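Student: After the structure tokens below, expect a handful of questions from me.
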Amino acid sequence: MKVVLENLTKIFPSRNKKSDEQVVAVNNFNFEIPDGKLIGLLGPSGCGKSTTLYMISGLQAPSGGKILFGDEDVTDLSPEHRGVGLVFQNYALYPHMTVKQNILFPLENLKGEDAMSKAERLERAYQAAKLVQIDELMERKPSELSGGQQQRVAIARALVKMPRVLLLDEPLSNLDARLRLQTREEIRRIQRETKITTVFVTHDQEEAMSISDMIVVMKLGVVQQIGAPQDVYDNPVNLFVAKFLGTPPINVFEGKVVGEKLHIGAQAVLDVPGVADQEVFVGIRPEGFILDSNGPLTLNLNSVEVMGRDVSVVSWHTDALVPAIRSIIDADNKIDRDSETINFKLKPHKVFLFNKETEERIVVER
Ligand code: ATP
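Residue 1 is where the sequence shown starts when you use the working numbering, and the numbers rise one by one after that.
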């Protein structure tokens, strides 16, 4: 089922009677979510991710714009009639019910032509439980399960009605690091198997990048960029997106373009054909550095951290806007740890220039 968001907007009125300052939580969101894809809605706290999800679910009414499921306008439809499955961060299971009763619950109150016999309901519940691999735990109470298992029950409960759209709001936030990793792979598998169009909200860029077919990066209610995770990482439209994606994060410097050469401090570090003379912000991905004693960029060496296959070189520069510059290079490189400085060449496609006022990306002709 494709989901179309047309000029979707949500404005919350001021909470303070004396001021009329409104919060524009979501501002003119346009996106056609392709059928059967998993979309990661990503951004810092307060950027409007959850509000967008709640509008798709019907739990919150938009202030403007439309939502379509396929060709059907569902903007004014109540959540029960939209055919959505919702999973929240806190699982929201009924503690006094068994796993089986929790999963059966959404099927119990179906009326009219949707009503099912007990045998049908049980079959559906077991199908959903099998899909998330908790069919062995059906007689347990939620308190007798791990966090990861509880979240699987919540997912099974969302799937049992065979929703048209699956909506997940930070579903992994309450799990420890190992379970997070395992459960996110599970969600990906389940989504692939069911092919249900899924929207996944998270503030964790790594999580979104790893499981999404497409990511939507938001800031203050405004969509910044939509695309396949790798494309957005490789071609960020502005400094905000460049900084939000990637661990370790991108290194940002103040720089200057003079005669189609990028300067950081006094050093000309890279040719930038087609770029007019101007001051710029320079973003260099940690993997964009090549160790080279004759390299044009000299950084002040702080420390070298071995991470197995790779080495993380931590350094500083007076024109860097980050306190620690991180360069990731192959562990086979020989680094003189006693040296005060370290020199690098730069990989052109890992270096981005941004306009100093607008912070929009400046295109380099390559
Ligand atoms: P988080 O990751 O912290 O949940 P989010 O990106 O999901 O953040 P939203 O919860 O969608 O952000 O909130 C977007 C903006 O709308 C925020 O500024 C928030 O304070 C505001 N907001 C959310 N709900 C309401 C409400 N019911 N009344 C007024 N303002 C609200």
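The beta carbon of each residue, even a glycine, is placed where N, CA and C say it ideally should be. As the structure is a computational prediction, the values presented were derived from the model and not from experiment.
Name the DSSP bridge partner or partners of SER327?
Tutor: Sequence index remark: in the sequence shown, residue 327 carries index 327 (1-based). According to DSSP, SER327 bridges with VAL313.
Student: The ligand ATP and THR9: does any heavy atom of the ligand fall closer than 7 angstroms to the residue's C-beta?
Tutor: To locate residue 9, count along the sequence shown from 1; it is residue 9. Outside the cutoff, so no.
Student: Is any heavy atom in the ligand ATP found nearer than 7 angstroms to the beta carbon of ALA92?
Tutor: The residue labelled residue 92 in the question sits at position 92 within the sequence shown. No; taking the cut-off as 7 angstroms, the Cβ of ALA92 has no heavy atom of the ligand ATP nearer than that.
Student: Any contact of the stretch 298-312 with the stretch 320-327, i.e. 3+ C-beta pairs under 8 angstroms?
Tutor: As far as the Cβ criterion goes, the stretch 298-312 touches the stretch 320-327, which means the pair count is three or higher.
Student: Nearest by alpha-carbon distance to GLU279: which of GLY48, GLU357, LYS347 is it?
Tutor: Along the sequence shown, one-based indexing puts residue 279 at 279. Cα-wise, what sits closest to GLU279 is GLU357.
Student: Less than 7 angstroms between the CB of GLY43 and some heavy atom of the ligand ATP, yes or no?
Tutor: As a working mapping, residue 43 is identified with position 43 in the sequence shown. GLY43: yes, Cβ under 7 angstroms from the ligand ATP.
Student: Nearest to LEU166 by alpha carbon, out of VAL74, VAL364, THR194?
Tutor: What you label residue 166 is simply residue 166 of the sequence shown in a count that begins at 1. Of the listed residues, the one whose Cα sits closest to LEU166 is THR194.
Student: When you compare only the Cα positions, how much space is there between LEU168 and MET97?
Tutor: Within the sequence shown, residue 168 is the residue found at index 168, counting from 1. Within the sequence shown, residue 97 is the residue found at index 97, counting from 1. Spanning the two alpha carbons is a distance of roughly 22 angstroms.
Student: My assumption, with CB atoms under 8 angstroms, is that ILE39 sits in contact with SER212. Please give the rounded CB distance.
Tutor: Numbered from 1 along the sequence shown, position 39 holds the residue referred to as residue 39. Numbered from 1 along the sequence shown, position 212 holds the residue referred to as residue 212. That pair is a contact at about 6 angstroms.
Student: Along the chain, where does the beta strand (DSSP E) that runs through VAL217 open and close?
Tutor: By 1-based counting over the sequence shown, the position of residue 217 is 217. VAL217 -> beta strand (DSSP E) spans 214-219.
Student: Since PRO95 contacts SER143 with CB under 8 angstroms, what's their CB separation in whole angstroms?
Tutor: Here residue 95 refers to the residue found at position 95 when the sequence shown is read from its first residue. Here residue 143 refers to the residue found at position 143 when the sequence shown is read from its first residue. That belief holds up - the Cβ atoms of PRO95 and SER143 are roughly 6 angstroms apart, short of 8 angstroms.
Student: Which stretch, first to last residue, makes up the alpha helix (DSSP H) that contains LEU353?
Tutor: On the sequence shown, position 353 is the one that residue 353 refers to. Note, LEU353: premise wrong, no alpha helix (DSSP H); beta strand (DSSP E) at 351-355.
Student: Taking all protein chains shown into account, decide if GLU186 is buried (16 or more other Cβ within 10 angstroms of its Cβ) or exposed.
Tutor: Taking the sequence shown and counting its residues from 1, one reaches residue 186 at position 186. Buried is the call here.
Student: Between which two residues does the alpha helix (DSSP H) containing VAL368 stretch?
Tutor: The shown model of the chain, from 1 to 366, leaves out residue 368, and the question about it has no answer.
Student: For the ligand ATP, any of its heavy atoms closer than 7 angstroms to the Cβ of GLY65?
Tutor: Start at 1 with the first residue of the sequence shown, and residue 65 comes out as number 65. No, the Cβ of GLY65 stays beyond 7 angstroms of every heavy atom of the ligand ATP.
Student: Say yes only if the C-beta of GLY46 is nearer than 7 angstroms to one or more non-hydrogen atoms of the ligand ATP, and no if none qualify.
Tutor: To locate residue 46, count along the sequence shown from 1; it is residue 46. At least one heavy atom of the ligand ATP is nearer than 7 angstroms to the Cβ of GLY46, so yes.
Student: Is the beta carbon of ARG285 within less than 7 angstroms of some heavy atom of the ligand ATP?
Tutor: To locate residue 285, count along the sequence shown from 1; it is residue 285. No, the beta carbon of ARG285 sits no closer than 7 angstroms to any heavy atom of the ligand ATP.
Student: Classify ARG309: buried if its beta carbon has 16 or more other beta carbons within 10 angstroms, exposed otherwise.
Tutor: As a first step, residue 309 is located in the sequence shown; it is residue number 309 there, counting from the start. It counts as exposed.
Student: Is LEU353 near ILE342, with beta carbons less than 8 angstroms apart?
Tutor: For the purposes of this step, residue 353 is identified with residue 353 of the sequence shown, where counting begins at 1. For the purposes of this step, residue 342 is identified with residue 342 of the sequence shown, where counting begins at 1. Taking 8 angstroms as the Cβ cut-off, LEU353 and ILE342 do not qualify as a contacting pair.
Student: Pull the bridge partners of GLU360 from the DSSP assignment, please.
Tutor: Along the sequence shown, one-based indexing puts residue 360 at 360. DSSP, once it has assigned bridges, lists ASN238 as partnering GLU360.
Student: With H, G and I counted as helix, E and B as strand and the rest as coil, what does DSSP make of GLN225?
Tutor: Your numbering for residue 225 matches position 225 in the sequence shown. Of the three classes helix, strand and coil, the one that applies to GLN225 here is strand, per DSSP.
Student: What are the start and end residues of the beta strand (DSSP E) that includes LEU122?
Tutor: Residue numbering aside, residue 122 sits at position 122 when the sequence shown is read from its first letter. No beta strand (DSSP E) holds LEU122; the alpha helix (DSSP H) holding it covers 118-131.
Student: Count the other CB atoms, across all protein chains shown, that sit within 10 Å of the CB of LYS243; report buried if there are 16 or more and exposed otherwise.
Tutor: For the purposes of this step, residue 243 is taken as the residue at position 243 of the sequence shown. Burial call: buried.
Student: Sort GLY265, ALA276, LYS256, ARG285 by Cα distance to LEU245 and report the nearest one.
Tutor: Locating residue 245 in the sequence shown gives position 245, where the first residue counts as 1. Answer by Cα proximity: ARG285.
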